[in-house]
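By my numbering, the letter at position 171 of the sequence shown is numbered 980, and the numbering carries on one by one without gaps. Accompanying notes for the structure given below.
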Amino acid sequence: MNFKHILPFLASIVMQEVEPYHFLKPRNRVTLTLLKQSNMNNFEDRRSILNSLMAGMLLPQTIFSANAEEINTLATITDRVLVDVRISRQDGTFYVRDDLDDSPENRVFYGQLQLGLFGELAPQNVKQFLSYVDTNFNPLEDNPRPSYARSTFVSFDEGTGLLLGGYIPSLQVTDFGGSAALKYGGRILPAPLWNDGTQTIQIRHTTKGLLTHRTLDVAPTFGITTQSAPDLDGTHNVFGQVMLDDSSLAFLDIVKGIPTYSLQRPRGDSQTERPLDTVASAVFKSQRELFRSAAKTFGDTRLNKIYPGKLLRRVEVTQVKHL
């Protein structure tokens, strides 16, 4: 589909009476420049329609390509967050076991990620991210607020190398009064966009360790790049980075090697390939039941679904701290 032709048409439908708007095309990218602010309220009412029509698309502003060194000059780290993580064995367990071979698949990984957030470059993204960090999670509370301290990394996209995290059990996007909202336990929480359109600089996904968020997503899920991922430019917004020390590099290397579920998993016809496929199916079946049991325990319906890229080992956050 050629979006450069359909984009002005979609915008003309949802932005009637909000004039004037100019469509520019610098460097083969379509940029929507708002020249009039008097009808902003009308624009906000129509934005939800535009979001649904253009899910996954971004109307970017100025975009800079950046490598690891250039990022430090384009973006100042304003906040640092420590994230304690753990990765289960291949059978999904964390407890001490002496009956298994000492192999990478049978080892539990414990590590810590130090995140640097770009509060000046992406203030709205950082504000929303920290709202899930600065909440003290207490499982004994009757009605706790959602927190990254009880979140998981659930999938890895082998195509883009994006590790998806920030999934909080029982947190769901819902509709409340015609607007998007978040439902968590007995609470209905506001769900503002993470990118409010005021950001003037976008950093390309050209290096490992970038924190990024899908532009039109109101959920707290975020991604960490494990490689250059130009396909994410235009749909995701960089708002920070992982400080690449020994612990974080080991974490990313292990995650990249974790088996994932694929709807396109090949099935061999030869005598050699059939046993391998049988073993892979058995491993996936046991992991699927484990995830479904966990989902049922925590009341999380998303983990009960099957989707491509789903990690077949548990990758969990155990604690977060805003420094």
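Note that the Cβ used here is the ideal one computed from N, Cα and C, for glycine as well.
Backbone secondary structure at residue i - three-state DSSP
| i | result |
| --- | --- |
| Phe1031 | strand |
| Gln1036 | coil |
| Asn952 | coil |
| Leu922 | strand |
| Arg855 | Reliability fails at Arg855, whose pLDDT of 44 lies under 50, so the model's placement of it is uncertain and the value that follows must be treated cautiously. Three-state DSSP puts Arg855 in a helix. |
| Ser940 | helix |
| Gly1049 | strand |
| Glu967 | coil |
| Gly974 | strand |
| Glu914 | helix |
| Leu998 | strand |
| Leu1120 | strand |
| Ala1059 | helix |
| Val905 | coil |
| Tyr993 | strand |
| Gln1008 | coil |
| Lys1017 | coil |
| Arg889 | strand |
| Arg959 | helix |
| Gln1128 | strand |
| Gln933 | helix |
| Asp900 | coil |
Cβ-based neighbour list, residue i, same chain, cut-off 7 Å, excluding 5 preceding and 5 following
| i | result |
| --- | --- |
| Gly925 | Ile886, Arg889, Gly1049, Gln1050 and Met1052 |
| Ile1063 | Ile896 and Phe918 |
| Glu929 | Thr885 and Thr887 |
Inter-residue CB distance, residue i and residue j (contact presumed, cutoff 8 Å)
| i | j | result |
| --- | --- | --- |
| Leu991 | Ile1067 | Not quite, the Cβ-Cβ distance comes to about 28 Å (not below 8 Å), so this is no contact. |
| Glu955 | Leu980 | According to the sequence provided, residue 955 is Pro. The question's Glu does not apply to it. Correct: roughly 5 Å between the Cβ atoms. |
| Gln923 | Leu891 | 6 Å |
| Gly1035 | Lys1065 | Checking the sequence shown, residue 1035 turns out to be Thr, not Gly. Thr1035 to Lys1065, Cβ: 6 Å. Contact. |
| Arg1013 | Asp1042 | 5 Å |
Option in the options with minimal Cα separation from residue i
| i | options | result |
| --- | --- | --- |
| Gln921 | Pro1117, Ser1056 and Ile997 | Ser1056 |
| Pro913 | Gln923, Gln1008, Ile896 and Leu1002 | Ile896 |
| Leu1061 | Pro1029, Val1124, His1014 and Thr1007 | Val1124 |
| Val982 | Pro1001, Phe965 and Ser964 | Pro1001 |
| Asp1005 | Arg1122, Ala931, Val905 and Leu909 | Ala931 |
| Asn1046 | Asp910, Phe927 and Asp911 | Phe927 |
| Tyr976 | Phe1031, Asp1026 and Val935 | Phe1031 |
| Asp1026 | Gly987, Asn934 and Gly986 | Asn934 |
| Trp1003 | Ile1012, Ile1033 and Ala1028 | Ala1028 |
| Pro978 | Asp984, Ser988, Asp966 and Ser960 | Ser960 |
| Asp1040 | Ile1010, Ala989, Glu967 and Thr1009 | Glu967 |
| Lys1017 | Val942, Gly986 and Leu1058 | Leu1058 |
| Ile997 | Thr1007, Asp984 and Gln1008 | Asp984 |
| Leu1132 | Asp911, Val942, Glu950 and Tyr904 | Val942 |
Own chain partners of residue i with C-beta closer than 8 Å, once the 5 adjacent residues on each side are dropped
| i | result |
| --- | --- |
| Ser1071 | Pro1117 and Gly1118 |
| Thr1127 | Asp893, Val894, Arg895 and Ala958 |
| Arg916 | Arg898 |
| Arg1122 | Ile896, Ser897, Arg898, Gln899, Gly901, Ile1067, Pro1068 and Gln1096 |
| Leu909 | Arg898 and Asn915 |
| Ala989 | Ser857, Val982, Thr983, Ala1000 and Val1027 |
Chain-order list of residues whose beta-carbon lies under 6 Å from that of residue i (same chain, five-residue window excluded)
| i | result |
| --- | --- |
| Ser1037 | Thr1015 |
| Gln846 | Low local confidence applies: a pLDDT of 39 at Gln846 is under 50, so the model's placement there is unreliable, with the coordinate-based value given in what follows. The answer is none, since no qualifying residue turns up. |
| Gly994 | Asn952 |
| Thr944 | Arg954 and Ser956 |
| Ser940 | none |
| Lys1130 | Leu891 |
| Lys834 | Note that Lys834 scores 34 on pLDDT, short of 50, meaning its location in the model is unreliable; the coordinates nonetheless yield the value given after this. Correct list: empty, nothing qualifies. |
Chain B contact for residue i (CB, 9 Å cutoff)
| i | result |
| --- | --- |
| Val1047 | Among the chains of the structure shown, chain B does not appear; only one protein chain is present. |
Cβ-heavy atom distance, residue i to the ligand GDP, below 8 Å
| i | result |
| --- | --- |
| Thr961 | For the structure depicted, the ligand GDP is absent and the ligand set is empty, with no information on it obtainable. |
Flag this pair as touching only if the region 965 to 981 and the region 1019 to 1032 have three or more C-beta atom pairs under 8 Å; answer yes or no. Touching, yes, given that three or more Cβ pairs across the two stretches are closer than 8 Å.
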